[in-house]
Amino acid sequence: MRRMSSSSAVNQPEASKDERSDMKSTQKGNGQSVGSVEPVANMTGHSETPGSHTNGPSSDIALDGEATVPDKNMQSLIDTMVHCQALLKTTMAQYKGFAEDMLATVKKENEHEVTQERTRAEVALADLAMSKLQREKDIKGHMERINELQEALDTKTREASQAAKALESANNKVEGLQFSLEAAAKKGLGHQSHAKRVAREKEELRDKAESDKRSFERDLASRMVRIKSLEATIETMKRQKEREIKGFRRRKKGWKSFWQR
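Each residue of the sequence shown is one higher than the last, beginning at 1 in full-length UniProt numbering.
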């Protein structure tokens, strides 16, 4: 549009100069023309001179007897309009090509950005899937370990129960021997040697029972400490796995909501 305005601005002063020259070359004094009249191009592009029509000179002379001035301004205006139309077509074609190039460039950049974003999302999803599989594998391994520890705890509990039963049986045996000794003494069977042997066996059995009892109590206390430690370890592992599972579920929901958007 700037080129159009500049072209029209340039052509207009030229038309003014022609107009001044035509005015100088036209009538002077009593209404008679002075100087020559140049041919003028009509709207069809053919040159014409005054008096060249079949009607004769009367068609180019006004009613008051003055000669008409060839309208060069009209021809200049027509040339300017034709030039402006050509310039407008050229400019519109240039702007159209520029707009199409810009649109293609923007479309290509957007497609490239979309492809990159999709690739990053697919990589993130693949990483999330691998992380999920690894987490599930770790959780499965920890659960198996927990089951193994639970089985070991059950085994130790059974062993402790069996040891308690053995201690009770030993106490019963001691009590039975003591009852037998008392019964033998009451019945008058107590030879001194037999009584000493029985007393010695009784003391040995009592000492052995006391030693077994202390050993069992120490073993039982140690096993109870171990059992409590295992229970604390199992509880800690359960809480940790629950936290990991909750965190994984939160991340999974976040990715799911991201893809839904």
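Every residue, glycine too, gets a C-beta built ideally from N, C-alpha and C.
These numbers were taken from a predicted model, which means no experiment stands behind them.
Straight-line measurement puts the Cα of residue 223 at about 7 Å from the Cα of residue 156. Here residue 237 has 142, 146 as same chain residues with Cβ atoms under 7 Å from its own Cβ, once five neighbours each way along the sequence are excluded. A direct Cα-to-Cα measurement between residue 107 and residue 116 gives close to 14 Å. Per DSSP, reduced to three states, the secondary structure at residue 71 is coil, with no helix or strand assignment. It is roughly 36 Å from the alpha-carbon of residue 168 to the alpha-carbon of residue 144. Rounded to the nearest whole angstrom, the C-alpha separation of residue 220 and residue 240 is 30 Å.
Comparing alpha-carbon positions, the option among 210, 136, 226, 200 lying closest to residue 246 turns out to be 136. The segment 197-208 and the segment 112-131 do not touch, with fewer than 3 CB-CB distances between them shorter than 8 Å. Counting the other Cβ atoms within 10 Å of the Cβ of residue 225 gives fewer than 16, which makes it exposed. Cβ neighbours of residue 209 within its own chain (closer than 7 Å, five residues either side excluded): 170, 171, 174. In terms of Cβ geometry, residue 234 and residue 149 form a close pair [threshold 7 Å]. In this structure, the straight-line span from the alpha carbon of residue 159 to that of residue 186 is close to 40 Å. The criterion of a C-beta distance shorter than 7 Å is not satisfied by residue 248 and residue 163. Contact between residue 230 and residue 177 is absent: CB atoms are separated by about 39 Å, not below the 8 Å threshold. Per the coordinates, the alpha-carbon of residue 183 lies some 47 Å from the alpha-carbon of residue 151. By the beta-carbon neighbour count (other beta carbons within 10 angstroms, threshold 16), residue 114 is exposed.
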